[in-house]
Structures are given as structure tokens and as C-alpha cells.
Amino acid sequence: MAQQSQFNFDSYNALMKTANTGLKLHLGVQLIKDVVSSLEYFDNPLEAELRPVYVDLKDFQRTYKAKAQEIAEKRTNDKEAAAASGRAENQSMLEALAALQAQLAELKGEKKEAA
Numbered sequence: 004m005a006q007q008s009q010f011n012f013d014s015y016n017a018l019m020k021t022a023n024t025g026l027k028l029h030l031g032v033q034l035i036k037d038v039v040s041s042l043e044y045f046d047n048p049l050e051a052e053l054r055p056v057y058v059d060l061k062d063f064q065r066t067y068k069a070k071a072q073e074i075a076e077k078r079t080n081d082k083e084a085a086a087a088s089g090r091a092e093n094q095s096m097l098e099a100l101a102a103l104q105a106q107l108a109e110l111k112g113e114k115k116e117a118a
């Protein structure tokens, strides 16, 4: 008796609607690789036509991944710079607040002396 597949295409299609481009590209490259391997195994002449497509896609995938890493690193660096800037701004605001509190204390001291 043949075994029935339990693969849920509806779930897969729903997942792919929201999947990122990198995942879709990875899965596509894997599928093309499997097709190339099958064509090669059966000595199909179409393998010679499809292999360059696979190689080009693999190169594109490497380039895409490198650029995605650059963008992620830039975002991380920008967030870290913004956080550092925010900390410096907070520090200067705290210093200004301390100066105002000191001035207020002086004014209260002068009022007590005048009374």
C-alpha cells in the first residue's frame, strides 16, 4: 500500500506569503539544484542548459546574502549610535537639571536669609 503524504500545502503556501526573500531564494535554489541533479543522473541533455542557471542563481544568492548582512550591520551600528547619542543627551539633560536644582536651592537660601 502506498504511503499518503501528510504535507499540508495550505500551511506551506500561507507561510510562503509572509516568508522573507532570503528564504524564498534559498528554497528556489535548492529546488533548481535538485532538478539539475536529476537531469544529470538520467543523462538528460537539458542538464547542460539548466546548470548555468543554477550557477548564476547560486552566485546571486551569495551576493544577496552579503548585501543583506551589510544592511543588517548598518542598522545595528545606526541603532548603537542612536542609543549612544541618546545616552549623551540624557546625561546633558541630567547635568542641566542638577544646575537648575542648585540655582533653586540658592534662591530658597536667599529667601530664608531675607525673611
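Here the sequence shown stands for residues 4 to 118, where the numbers follow my numbering. All C-beta atoms, glycine included, are put in the ideal place defined by N, C-alpha and C.
- Here Lys61 is not near Val38, since their CB atoms are 8 Å or more apart.
- Under the 8 Å Cβ criterion, the segment 17-32 counts as touching the segment 63-74, having at least three qualifying pairs.
- The C-beta distance from Leu53 to Leu42 rounds to 6 Å, short enough to fall under 8 Å.
- A straight-line Cα-Cα distance of about 28 Å links Ser88 and Ala69.
- Taking a C-beta distance under 8 Å as the contact criterion, Gly25 and Ala86 do not qualify as a contact pair.
- Taken in chain order, the segment 25-93 contains no complete alpha helix (DSSP H) segment of 4 residues or longer.
- If you check the CB distance, Tyr57 and Lys36 come in under 8 Å.
- Following the DSSP letters along the chain, one finds Phe10 in no alpha helix (DSSP H), marked with neither H nor E.
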